[in-house]
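Protein chains in written order, with my numbering: chain W, 738 to 1199; chain R, -17 to 184.
Even glycine gets a Cβ: it sits at the ideal position worked out from N, Cα and C.
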């Protein structure tokens, strides 16, 4: 019950009348933090503060934000760019949309403070095309802030200037990858770059660049406002046995969708269990049905079984049950009526559609995985197909070291987790839909033995 | 040889016949100060052209390239990467995107897409012959809390069932009366702005 009394901070303004206007935002104490920062703190102070807070990026990878900022060269003549990743395209993820629609000034204040800390002179908000209301609200917020002197030349008399522009995407998932996003702003196809050099050294227009997620920047605003102690009083401290673990501090926005009674965006401390989120926030599985699987943080992270939902939703929790990580923290809940074959088909179809085509393992792997699942769904599946799918899942991505960006890892994890955790269901499906041929394990057997009758000859007829 | 070149030169349309009109050119030029390179203007410019014309024909690609000091291939390269821009003909006056990704699909999104296509007599990606509707599938629209959802112009609808979709279609049919083909302006549905703003809080 204590968890239910959690007072939201990031979502504090959501639901209030006119929450998207400057008037309402200032009435709630908005832009006070920015004034204070410009008056009292140097950019280095803000970087040190964010570094000490151990804030980790909310976009999916969970990289420590302060550390990312500290990679910027110290004496660079500029310009330095800040890119705001508002290309939220991960299936199941919609929390940045809620932030930008209902509290655009909170996001903007976070952007301005972060730009000050990183000494950026221009910030580009890379906003996905599919968010027209966010576009209007953010643009209005920028115009209002400029009029009040929070943006533009000589901000609040500090001598520091910043321009913020919105750059609209055009429906490509890979633009959410930070170097793909940079390429897209530069007016090219959004092909992720080989790293190093990392964007902090050579990014947008070959200048030092920081790319941060919307929610991360909103957290920066609150760290500045409320201080280190507040931020570190929420969440999970670093694991004592792992010196490299920066912990999971702070509030997090969790999106819950799929087969729950109350889908929506909820703010809770990092470390809350998936069960608590589903039952307390999401109102439980719809129509009292049984839970089958939960995607912990956007489709890329793979699936957890119903037995694994006591996993804490912090940056290391989902890793312990074989998922890719916390991801975006947006849960997709699937009940007992939904087929995992359909789930995996949907997942593979998405990643095949969104693969940018630059790296062969991803381009081919994602397309062949769809082809195999189409075959399985058409009643021509073989048990061998599951091994082939797993072979794709185990070999594409940054982690096996075969691709430039993490899109392929995102494609691989649903394959690996769905088949390994729900293997029985896949096998049943194949046996049920293809009773005669499911045992055929040598589809190309006719290459051997000149087509004479043999172990594989039955397969040829299929 | 010289004859054909001369013929080509005289074929080049005078300013009045250009695809990109003066107002649109000025709109594109307003993006210049935002970026240190002209090439970065490509995507915002393509959006501007697309809003104005409903599509980005090859002639517009060539004219944009000329404006920005790029080759047409550079512009086309960027354009073709994004599935968003049409090149053969304008999209319908109402562009409807139905989400087919996991949260929506698990809640019946693909059945909605199927039903919408049947009602309008087209397949995903096509435009009705009267130029009123274009239906597309979309990968995650970020409306998972409203699954199954669709985006029609700038209007968000969801969660939907078949009956609600039928009512929507009926409303669109009434608010978007058939017009003769050959319109130049691609508009979003006429009542989008007010409803989207009023209906965004669920």
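Original post:
In chain order, what residues of the same chain lie with their CB nearer than 6 Å to the CB of residue 974 of chain W, ignoring the 5 residues before and after it?
Top reply: The residues are 984.
**OP:** Use the C-beta contact count for residue 1145 of chain W: other C-beta atoms within 10 angstroms, 16 or more gives buried, fewer gives exposed.
**Re:** Buried, by the Cβ-count rule.
**OP:** Please confirm whether residue 1224 of chain W and residue 866 of chain W have their CB atoms less than 8 Å apart.
**Re:** Summary: the structure shown does not reach residue 1224 of chain W, with chain W confined to residues 738 through 1199, and so no result is reported for it.
Subject >> Contact set between the stretch 60 to 78 of chain R and chain W, restricted to residues whose Cβ is under 9 Å from the partner >> reply: Hits within the stretch, in order: 60, 61, 62, 63, 64, 65, 66 and 67.
Original post:
Can you tell me the Cα-Cα spacing of residue 1014 of chain W and residue 791 of chain W, whole angstroms?
Top reply: Each residue's Cα considered, the two are about 24 Å apart.
**OP:** Determine the burial state of residue 62 of chain R: buried for a count of at least 16 other Cβ atoms within 10 Å of its Cβ, exposed for fewer.
**Re:** With fewer than 16 other Cβ atoms within 10 Å, it is exposed.
Original post:
What residues in the stretch 1007 to 1022 of chain W have a beta carbon less than 7 Å from any beta carbon of chain R?
Top reply: Listed by position along the chain: nothing, the set is empty.
Subject >> Terminal residues of the beta strand (DSSP E) in which residue 1009 of chain W lies >> reply: Where residue 1009 of chain W is concerned, there is no enclosing beta strand (DSSP E), given that its DSSP letter is neither H nor E.
Original post:
Buried or exposed: where does residue 68 of chain R fall if 16 or more other Cβ atoms within 10 Å of its Cβ makes it buried?
Top reply: Buried is the call here.
**OP:** Sort W:914, W:998, W:1009 and W:903 by Cα distance to residue 991 of chain W and report the nearest one.
**Re:** Of the candidates W:914, W:998, W:1009 and W:903, W:1009 places its Cα closest to the Cα of residue 991 of chain W.
Original post:
Taking Cβ positions, are residue 817 of chain W and residue 855 of chain W nearer each other than 8 Å?
Top reply: Yes, these two residues count as a Cβ contact at 8 Å.
**OP:** Would you tell me roughly how many angstroms separate the C-alpha atoms of residue 745 of chain W and residue 132 of chain R, rounded to the nearest one?
**Re:** The alpha-carbon separation between residue 745 of chain W and residue 132 of chain R amounts to approximately 29 Å.
Original post:
Is it right to say residue 1098 of chain W is buried, meaning 16 or more other beta carbons lie within 10 angstroms of its own, or is it exposed?
Top reply: With at least 16 other beta carbons inside 10 angstroms of its own, residue 1098 of chain W counts as buried.
Subject >> Cβ distance (whole Å) where residue 936 of chain W is taken to contact residue 946 of chain W below 8 Å >> reply: Going by Cβ atoms, the distance from residue 936 of chain W to residue 946 of chain W rounds to 4 Å, so yes, they are a contact pair.
**OP:** Could you give the DSSP three-state label for residue 122 of chain R: helix, strand or coil?
**Re:** Three-state result, residue 122 of chain R: coil.
**OP:** Say whether the stretch 1082 to 1096 of chain W touches the stretch 1109 to 1117 of chain W, bearing in mind that this needs 3 or more beta-carbon pairs closer than 8 Å, one atom from each stretch.
**Re:** Between the stretch 1082 to 1096 of chain W and the stretch 1109 to 1117 of chain W, the count of Cβ pairs shorter than 8 Å is three or higher; the stretches touch.
Original post:
How about residue 783 of chain W and residue 961 of chain W: are their beta carbons less than 8 Å apart?
Top reply: Taking 8 Å as the Cβ cut-off, residue 783 of chain W and residue 961 of chain W qualify as a contacting pair.
Original post:
In terms of residue numbering, what span does the beta strand (DSSP E) encompassing residue 1067 of chain W cover?
Top reply: Element bounds for residue 1067 of chain W: 1067 to 1072.
Subject >> Sub-8 Å separation of residue 819 of chain W and residue 852 of chain W beta-carbons >> reply: A contact, by the Cβ cut-off of 8 Å.
**OP:** Counting only the same chain and skipping the five closest in sequence on each side, list residues whose C-beta sits under 6 Å from that of residue 1047 of chain W.
**Re:** So the list reads 1010 and 1012, once near-sequence residues are dropped.
**OP:** Using the Cα positions of residue 138 of chain R and residue 879 of chain W, report the straight-line distance between them to the nearest angstrom.
**Re:** Cα to Cα, the separation comes out at about 23 Å.
Original post:
In its own chain, which residues sit with a C-beta less than 7 Å from the C-beta of residue 1023 of chain W, not counting the 5 before and 5 after it?
Top reply: Within the same chain, residue 1023 of chain W has close Cβ partners 996, 997, 998 and 1072.
Original post:
Who are the near neighbours of residue 1077 of chain W in its chain, counting only those whose CB is closer than 6 Å to its CB and skipping five residues on each side?
Top reply: These residues qualify, in order along the chain: 1155, 1159 and 1162.
Subject >> Alpha-carbon to alpha-carbon, residue 75 of chain R and residue 163 of chain R >> reply: The pLDDT assigned to residue 163 of chain R is 47, lower than 50, so where the model puts this residue is not dependable; a value taken from the coordinates is nonetheless given after this. In a straight line, the C-alpha of residue 163 of chain R is about 11 Å away from that of residue 75 of chain R.
Original post:
How close, in whole Å, do the beta carbons of residue 957 of chain W and residue 850 of chain W come, if the pair is a contact with beta carbons under 8 Å?
Top reply: In this structure residue 957 of chain W touches residue 850 of chain W by the C-beta definition: roughly 6 Å separates them, less than 8 Å.
**OP:** Quickly, what does DSSP pair residue 993 of chain W with across the bridge? List them, please.
**Re:** Answer is W:1001 and W:1068, bridged to residue 993 of chain W.
Original post:
What does a CB cutoff of less than 6 Å around residue 754 of chain W pick up in its chain, not counting 5 residues either side in sequence?
Top reply: Beyond the five residues adjoining it in sequence on each side, residue 754 of chain W comes within less than 6 Å, by CB distance, of no other residue in the same chain.
**OP:** Please list, in chain order, all residues of the same chain as residue 1130 of chain W whose beta carbon is under 6 Å from its beta carbon, the five residues on each side excluded.
**Re:** Shown here for residue 1130 of chain W: same chain residues with a beta carbon closer than 6 Å to its own, the five before and five after excluded, namely 1149, 1152 and 1153 in chain order.
Original post:
What number of angstroms, rounded off, separates the C-alpha of residue 891 of chain W from the C-alpha of residue 882 of chain W?
Top reply: C-alpha separation (whole angstroms): 13 Å.
Original post:
Taking residue 1079 of chain W as the reference, which of R:134, R:52, R:106 and R:87 has the closest Cα?
Top reply: It is R:87.
Subject >> CA nearest to the CA of residue 860 of chain W, picked from W:846, W:1019, W:873 and W:979 >> reply: Considering only alpha carbons, the answer is W:846.
Subject >> residue 1065 of chain W versus residue 827 of chain W - alpha carbon distance >> reply: For residue 1065 of chain W and residue 827 of chain W, the distance between alpha carbons rounds to 8 Å.
**OP:** Indicate whether residue 899 of chain W and residue 948 of chain W have their beta-carbon atoms separated by less than 8 Å.
**Re:** Against a cut-off of 8 Å, the Cβ pair of residue 948 of chain W and residue 899 of chain W comes out as no contact.
Subject >> Every unbroken alpha helix (DSSP H) inside the stretch 888 to 968 of chain W [4 residues or more] >> reply: Restricted to the stretch 888 to 968 of chain W, the alpha helix (DSSP H) segments that are unbroken, complete and at least 4 residues in length are 915 to 922, listed in chain order.
Original post:
Do you know offhand how far residue 776 of chain W's Cα is from residue 895 of chain W's?
Top reply: Those two C-alpha atoms are separated by around 7 Å.
Original post:
Anyone know if the C-beta pair for residue 1058 of chain W and residue 993 of chain W falls short of 8 Å?
Top reply: Not a contact, by the Cβ cut-off of 8 Å.
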